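Below is one structure, written out as structure tokens; comments come after it.
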Amino acid sequence: MIYLMRLKQALSRNIDLLQKASGDSSNKMGNACGISPRMIGHIKKMEANASIEIIERIAEHYRIPPWLLLMEGLREEDFNAKNLKKLVDSYLSCDPEGKLSISSLADREALLSKTVASPPIPLSLTGKKKSNGDQ
Numbered sequence: 001m002i003y004l005m006r007l008k009q010a011l012s013r014n015i016d017l018l019q020k021a022s023g024d025s026s027n028k029m030g031n032a033c034g035i036s037p038r039m040i041g042h043i044k045k046m047e048a049n050a051s052i053e054i055i056e057r058i059a060e061h062y063r064i065p066p067w068l069l070l071m072e073g074l075r076e077e078d079f080n081a082k083n084l085k086k087l088v089d090s091y092l093s094c095d096p097e098g099k100l101s102i103s104s105l106a107d108r109e110a111l112l113s114k115t116v117a118s119p120p121i122p123l124s125l126t127g128k129k130k131s132n133g134d135q
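As numbered in my numbering, residues 1 to 135 make up the sequence shown, in order.
Here it is as structure tokens:
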């Protein structure tokens with residue numbers, strides 16, 4: 001159930017991003033996709049599950065692959081990036097060794113991109129002397 005909630009959140013957020021980027025209201029999007037604006041509102045509020053058909057209609061309207069609507073952590077500019085689809089297509093066409101290499105690289109990049117606070121540098125390494133107030 002946790003995974004389903006994450007998918008619903010991703011879909012809701014991504015629909016919202018696409019609407020803001022395009023200036024589409026729920027009425028305009030609904031009319032273009034053949035989905036009632038009320039249903040779109042329910043999906044965005046995570047009060048209803050979107051069928052595969054609805055996800056496909058929304059994706060067709062915005063000219064993106066349907067799976068992109070279910071991805072977490074996307075930014076508005078990611079929907080315009082053709083490189084994301086190219087990357088996924090390349091990964092899927094790789095042999096197992098190639099997939100392992102790409103996965104390893106992705107893991108390393110994820111570690112490097114995390115912002116981790118550096119531990120404080122001990123005073124003995126900074127060359128500063130401890131004063132009476134530093135204890």
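We treat Cβ as the ideally placed atom computed from N, Cα and C, and that holds for glycine.
Bear in mind the structure is a predicted one, so any value in this text is a computation, not a measurement.
Inter-residue spacing [alpha-carbon to alpha-carbon] between Asn14 and Lys99
So the two alpha carbons sit approximately 27 Å from each other.
Lys8 versus Asp78: straight-line alpha-carbon distance, rounded:
Rounded to whole angstroms, Lys8 to Asp78 spans 19 Å at the Cα level.
For Lys45, count neighbouring Cβ atoms within 10 angstroms of its own Cβ and tell me buried if that reaches 16, exposed if not.
Burial call: exposed.
Specify, as a first and last residue, the run of the alpha helix (DSSP H) that Gly98 falls within.
For Gly98, the enclosing alpha helix (DSSP H) has its first and last residue at Pro96 to Ser113.
Note down the Cα distance separating Glu47 from Glu97, rounded to an integer number of angstroms.
One C-alpha to the other measures close to 42 Å.
Are Ile55 and Pro65 closer than 7 Å when you measure CB to CB?
For Ile55 and Pro65, no; Cβs fall outside 7 Å.
Identify whether Glu72 lies in helix, strand or coil by the three-state DSSP scheme.
Glu72: coil per DSSP, three-state reduction.
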